[in-house]
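Colleague: Just passing along the structure, written as structure tokens.
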Amino acid sequence: MRVAYRVAATALRCGASPMKAECEAKAAASFAGRMRGNLVSMLDGIGVQEALGLSTCSGLFSGAGKYVHTTSALRYPVFKNGRNYTGHSPALTKHPLLRKMLEELLIPELRAMPSALIVPLGKAVAAALAWLEAQGLVSLEHCLHGFPHPSGANGHRARQFERARPILRAAVRKWRRTLAGTSQHL
Numbered sequence: 002m003r004v005a006y007r008v009a010a011t012a013l014r015c016g017a018s019p020m021k022a023e024c025e026a027k028a029a030a031s032f033a034g035r036m037r038g039n040l041v042s043m044l045d046g047i048g049v050q051e052a053l054g055l056s057t058c059s060g061l062f063s064g065a066g067k068y069v070h071t072t073s074a075l076r077y078p079v080f081k082n083g084r085n086y087t088g089h090s091p092a093l094t095k096h097p098l099l100r101k102m103l104e105e106l107l108i109p110e111l112r113a114m115p116s117a118l119i120v121p122l123g124k125a126v127a128a129a130l131a132w133l134e135a136q137g138l139v140s141l142e143h144c145l146h147g148f149p150h151p152s153g154a155n156g157h158r159a160r161q162f163e164r165a166r167p168i169l170r171a172a173v174r175k176w177r178r179t180l181a182g183t184s185q186h187l
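Take 2 as the starting number for the sequence shown in my numbering and just add one per residue.
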């Protein structure tokens, strides 16, 4: 959030339009810092860059940004007791306001991109998506189930990723074949 505010303010001071400032802020803030490096490494490790015809997924945050739509299960910053909400207590689907944000903000985004590869970062988001699918509200046909959260704070990330890698790689190959069999372009 701080990165986005800083980049947007700088862009506006330099004469960028509000829309341009927003785009620059999103590009700079999406998974900023070490998390972005971890995410790129993990996506490259399961072949997402190959499926997109890129040398590396780091391009998703620069010139190849047209291939990525970053979002959050909860679009806006959420705090609990003055601290960043982690998605666990309460669960995203158990609190009326959080569930409303999922239903009114996330579902339309997911429905607008039916062929997108969905990468849920962590167990809380994966559980929320599974709940939405169980309710018949979204399809998770192209979802990387079991993708660990790339945060440096996730000390089990590397082990979780290695365990899930074969399944994640197969899901990426299936997604790519599905896209190749349609008239849709990446």
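All C-beta atoms, glycine included, are put in the ideal place defined by N, C-alpha and C.
Please read these numbers as outputs of a predicted model, since none were measured by experiment.
Please look up how many angstroms separate the CB atoms of residue 28 and residue 4, rounded, as I've assumed it's under 8 Å.
Modeller: On the sequence shown, residue 28 is found 27 positions in, with the first residue counted as 1. On the sequence shown, residue 4 is found 3 positions in, with the first residue counted as 1. Rounded, the Cβ-Cβ distance is 10 Å, inconsistent with contact.
Colleague: Could you round the C-beta distance between residue 74 and residue 107 to whole angstroms and report it? I think they count as a contact, below 8 Å.
Modeller: Taking the sequence shown and counting its residues from 1, the one referred to as residue 74 is at position 73. Taking the sequence shown and counting its residues from 1, the one referred to as residue 107 is at position 106. Right, their Cβ atoms sit about 6 Å apart.
Colleague: Please list, in chain order, all residues of the same chain as residue 126 whose beta carbon is under 7 Å from its beta carbon, the five residues on each side excluded.
Modeller: As a position in the sequence shown, residue 126 is number 125, starting the count at 1. Within the same chain, residue 126 has close Cβ partners 74, 88.
Colleague: Tell me, which residues are paired with residue 108 by DSSP?
Modeller: For the purposes of this step, residue 108 is taken as the residue at position 107 of the sequence shown. Note: residue 108 sits in no beta bridge, so no partner.
Colleague: My parser needs the alpha helix (DSSP H) runs of 4 or more residues fully inside the stretch 60-144; what are they?
Modeller: Those alpha helix (DSSP H) runs which fall completely within the stretch 60-144 and span 4+ residues are 97-102, 108-113, 124-135.
Colleague: What is the residue span of the alpha helix (DSSP H) that residue 43 lies within?
Modeller: Working through the sequence shown from its first residue, we reach residue 43 at position 42. Note, residue 43: alpha helix (DSSP H), 35-46.
Colleague: Quick one: using the 10 Å Cβ neighbour count with 16 as the cut-off for buried, is residue 136 buried or exposed?
Modeller: Counting from 1 along the sequence shown, the entry for residue 136 is found at position 135. Classification for residue 136: exposed.
Colleague: Let me make sure I understand the geometry here. Which of 179, 153, 156 has the alpha-carbon closest to that of residue 144?
Modeller: Translated into the one-based positions of the sequence shown, residue 144 becomes position 143. Nearest C-alpha to residue 144: 179.
Colleague: Quick one: residues in its chain with C-beta nearer than 6 Å to the C-beta of residue 170, no 5 flanking neighbours on either side, listed in chain order?
Modeller: Mapped onto the sequence shown, residue 170 falls at position 169. The answer, listed in chain order, is 47, 48.
Colleague: DSSP state of residue 2, grouped into three classes?
Modeller: Position 1 of the sequence shown, counted from the start, is the residue given in the question as residue 2. Residue state, collapsed to three classes: coil.
Colleague: For residue 58, does the three-state DSSP call read helix, strand or coil?
Modeller: Translated into positions along the sequence shown, residue 58 becomes position 57. Helix.
Colleague: Under 7 Å from any heavy atom of the ligand NAP, does the C-beta of residue 83 make it?
Modeller: Summarising the ligand content, the structure contains no ligands, and the ligand NAP is consequently not present.
Colleague: I need the straight-line Cα distance from residue 148 to residue 79, nearest angstrom please.
Modeller: Translated into positions along the sequence shown, residue 148 becomes position 147. Translated into positions along the sequence shown, residue 79 becomes position 78. Computed Cα separation, rounded: 22 Å.
Colleague: Cutting at 6 Å between CB atoms, please list the residues of its own chain near residue 132, excluding the five before and the five after it.
Modeller: Indexing the sequence shown from 1 puts residue 132 at position 131. Hits under 6 Å: 94.
Colleague: Does the Cβ-Cβ distance between residue 70 and residue 114 come in under 8 Å?
Modeller: Taking the sequence shown and counting its residues from 1, the one referred to as residue 70 is at position 69. Taking the sequence shown and counting its residues from 1, the one referred to as residue 114 is at position 113. Cβ distance < 8 Å, so residue 70 and residue 114 count as in contact.
Colleague: In the DSSP assignment, find the alpha helix (DSSP H) that holds residue 151 and state where it starts and stops.
Modeller: Taking the first residue of the sequence shown as position 1, residue 151 is located at position 150. Per DSSP, residue 151 belongs to no alpha helix (DSSP H) and is neither H nor E.
Colleague: Note down the Cα distance separating residue 50 from residue 67, rounded to an integer number of angstroms.
Modeller: If you number the sequence shown from 1, residue 50 lands on position 49. If you number the sequence shown from 1, residue 67 lands on position 66. Going by the C-alpha atoms only, they are around 13 Å apart.
Colleague: Enumerate in chain order the residues of its own chain whose CB-to-CB distance from residue 72 is below 8 Å, with the five nearest sequence positions on each side excluded.
Modeller: Along the sequence shown, one-based indexing puts residue 72 at 71. 107, 110.
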